[in-house]
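Colleague:
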Amino acid sequence: MNKAIKLLDQLNSQYLKLHKNYEELFWVSYMGDHSVDKHKDTAMAKRDAFRASPEYPAQIRALLPEADAKTRQRLTHWLKFFDCYQTPVQLLALKKKIDQLESLIHKKLASRKEGYTDPKTKRFVAASIVKMRTMIRTNSEEVVRKACFEACEQLAGSLIQEYIQLVSLRNQYARSLGYQDFYDYKVQREDGMTKAELFGLFEEIYQKTKYAFKDLRRLEKLTPGLRQPWNFGYLLAGDFTKEEDPYFQFSEAVPRWGLSFAAMGINFQGGKLKLDLLDRKGKYNNGFCHWPDLVHFKNG
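In the numbering used here, each number is its position in the sequence shown, counted from 1, plus 4.
#1: If you draw a straight line from the C-alpha of Lys190 to the C-alpha of Arg179, how long is it?
#2: By the three-class DSSP mapping on this structure, what secondary structure does Gly204 have?
#3: Going by DSSP, name the residue or residues bridged to Phe254.
#4: Taking just the CA atoms, how far does Phe86 sit from Ile9?
#5: Contact between the region 44 to 59 and the region 121 to 131 is defined here as three or more beta-carbon pairs at a separation below 8 Å; is this criterion met?
#6: Counting only the same chain and skipping the five closest in sequence on each side, list residues whose C-beta sits under 6 Å from that of Met139.
#7: Between Lys50, Tyr167 and Tyr187, which has its C-alpha nearest Tyr26's C-alpha?
#8: How big is the Cα-Cα spacing for Asn6 and Arg78?
#9: If you draw a straight line from the alpha carbon of Asp45 to that of Asp103, how long is it in whole angstroms?
#10: Should Val171 go down as buried or exposed, given a rule of 16 or more other Cβ atoms within 10 Å for buried?
#11: How many whole angstroms separate the CB atoms of Glu28 and Pro259, which I take to be in contact at a CB cut-off of 8 Å?
#12: Am I right that Gly262 and Phe272 are in contact with their C-beta atoms under 8 Å? What's the rounded C-beta distance?
#13: Keeping to the same chain, check which residues put their C-beta closer than 7 Å to that of Met136; ignore five residues upstream and five downstream.
#14: Classify Val93 as buried or exposed, calling it buried when 16 or more other Cβ atoms lie within 10 Å of its own Cβ.
#15: Grouping DSSP H, G and I as helix and E and B as strand, with all else coil, what is Gly119?
#16: Is DSSP giving Gly304 helix, strand or coil here?
#17: If you run the structure through DSSP and keep just helix, strand and coil, what is Ala49?
#18: Tell me the rounded alpha-carbon separation between Gln169 and Ile109.
#19: I'd like to know whether the C-beta atoms of Leu239 and Leu230 end up nearer to each other than 8 Å.
#20: When we look at the beta-carbon of Ile164 and count the other beta-carbons within 10 Å, is it buried (16 or more) or exposed?
#21: Rounded to whole angstroms, what is the Cα-Cα separation between Gly269 and Trp31?
#22: Can you tell me which of the three DSSP states Val354 falls into?
#23: Can you give me the C-alpha to C-alpha distance between Phe203 and Phe186, rounded to a whole angstrom?
#24: Tell me which residues share the same chain as Arg174 and place their Cβ nearer than 7 Å to its Cβ, disregarding the 5 neighbours each side in the sequence.
#25: Run through DSSP, which three-state label would Phe54 get?
#26: Are the CB atoms of Arg149 and Asn235 nearer to each other than 8 Å?
#27: Roughly how many whole angstroms lie between the Cα atoms of Ser162 and Lys117?
#28: Quick check on Ser33: buried or exposed, where buried means 16 or more other Cβ atoms within 10 Å of its Cβ?
#29: Taking Arg76 as the reference, give the member of Leu11, Gln184 and His38 with the closest Cα.
Shown next as structure tokens:
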């Protein structure tokens, strides 16, 4: 086995192990078991240290000149991967601080008291933010929708100081790498475009849809209170939507998901799905998808 193939096998097996270990702990934490948070943060630090290693890119560059075409292509893929995650040594402490703050925010979000004040009884009603958002869209009583909206609005500011600190640290990190801010860093790293290019697309969308604001103002004359934030979604929804929205229609979700990817030539034959569809305290309340097993070829 030549040096290039040996290095590729090492990178494949090592990163697969680091990635899977972190992602499995990530899932447990985000599903509400925060006893693993320290282990999750440690696993993330190990994964990030691998990604940011300056040694592996140097080894790859040294092997490129002697590699055959197929091996050179594989080495080049890894080189591009490492280039995306290179972090100067002097920024590692800042990166760790950001990671710890993100975990703290997530933990506080998971443990905070959520619910609204019943407008009739004036008693507190425990309800997750997910449930209250659904009630804003579907509850027939405006006073209840308003109570839920005001509760969500108050919750939005419950960690404002932590978020301000997080944004500041993220921007500091991104600027140290030569970007305008963290948003610029994420857009360029993950989407391959600049902020100006992205905002140009947003501006085009706005110009083509802004006529709707005038339509809404005309519609409000026929439907008073339409633009109140606790009324807007409810009043524009049809009866069927109001009846169906509280329930997540899952029976056809997996076949449609599979057919959509199959139409793009992506085959997940033999793959596994792990799902948690229940709303409960401590669980991360935004839908997400992650991949504990990286898509890869064995022995090839």
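Glycine included, every Cβ here is placed at the ideal spot set by N, Cα and C.
Fair warning: this is a prediction, and the values are worked out from it, not measured in the lab.
Modeller: Taking the geometry as given:
#1: 12 Å
#2: helix
#3: According to DSSP, which records beta bridges pairwise, Phe254 is partnered with nothing at all.
#4: 17 Å
#5: no
#6: Cys152
#7: Lys50
#8: 14 Å
#9: Cα-Cα distance, rounded: 7 Å.
#10: exposed
#11: Contact doesn't hold; Cβ gap of about 27 Å is too wide.
#12: 7 Å
#13: Tyr120, Cys152, Ala155 and Cys156
#14: exposed
#15: Gly119 sits in a strand when the DSSP states are folded into three classes.
#16: Confidence at Gly304 is low in this model, with a pLDDT of 48, below 50, so the placement of that residue should be treated as unreliable; the coordinate-derived value is given next. Here Gly304 sits in coil by DSSP.
#17: helix
#18: Whole-angstrom Cα-Cα distance: 11 Å.
#19: yes
#20: exposed
#21: 28 Å
#22: Past the edges of the chain, shown from 5 to 304, lies residue 354, and the structure says nothing about it.
#23: Each residue's Cα considered, the two are about 15 Å apart.
#24: Ile102 and Phe186
#25: helix
#26: yes
#27: 10 Å
#28: Ser33 comes out buried.
#29: Leu11
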